[in-house]
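Under our numbering, the residue at position 49 of the sequence shown is numbered 53, and the numbers go up by one with no gaps.
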Amino acid sequence: MANISDLLNSDLGKQIISGIGQQTGTSEKDTASVVSAAAPVLMGMLQKNASSEQGAAGILGALSKHDGSILDNLSGFLGSGDTTDGNGILGHILGSKKTSVESAISEKTGVSSANTSKIIAMLAPIVMGYLGKESKGKNVQSGGGLGDLLGGL
């Protein structure tokens, strides 16, 4: 897959949106609009974090856990409704900006802040899994390689 929007527009993307919507009680339209608004923000923040040596090392470390296997058992992950991992990821990626990012996406999409927060927390491990799978496939082992990969996605 060429980039994150290709993933979201694929059959797998439809499964992601449907599954997250079922867990959060939001319509597919609302879920899709939050996912479409949040994915580029998450990728952008990952790219920004990867621009420092320490940030890149942290992301590369996280990608060893998020190797893409989540994409192979998406229904299991989506069925669990677990947002613990996602909130942890968001804490690392967004830091103190987490609440303001969620509010901005909520405002942009018209979806409540509470639902936006849940949707993004379920999306984050999927984004990391996708990134992990791509980095494994391209044998990314350095900050420079990670920056190039994120720029391409």
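Just so you know, even glycine gets a beta-carbon here, dropped at the ideal spot from N, CA and C.
The beta carbons of residue 94 and residue 20 sit about 17 Å from each other, so the pair does not count as a contact at 8 Å. In the three-state reduction of the DSSP assignment, residue 120 falls in the helix class, which pools H, G and I. Inter-residue distance for residue 55 and residue 97 is about 13 Å (C-alpha atoms, whole angstroms). Comparing alpha carbon positions, the residue from 129, 153, 124 and 126 closest to residue 138 is 153.
With fewer than 16 other Cβ atoms inside 10 Å of its own Cβ, residue 13 counts as exposed. Apart from the 5 residues on each side of it in sequence, residue 40 sits with its Cβ closer than 7 Å to the Cβ of 12 in its chain, given in chain order. Going by DSSP, residue 144 is part of no alpha helix (DSSP H) at all; its letter is neither H nor E. Going by C-alpha positions, residue 136 is about 16 Å away from residue 81. Leaving aside the five residues that flank residue 119 on each side, the residues in its chain whose CB is nearer than 6 Å to its CB run, in chain order, 28 and 30.
In the structure shown, residue 87 falls within a coil segment according to DSSP collapsed to helix, strand and coil.
Here residue 71 carries a coil assignment [DSSP, helix/strand/coil]. Counting of Cβ neighbours within 10 angstroms places residue 87 among the buried residues, the total reaching 16 or more.
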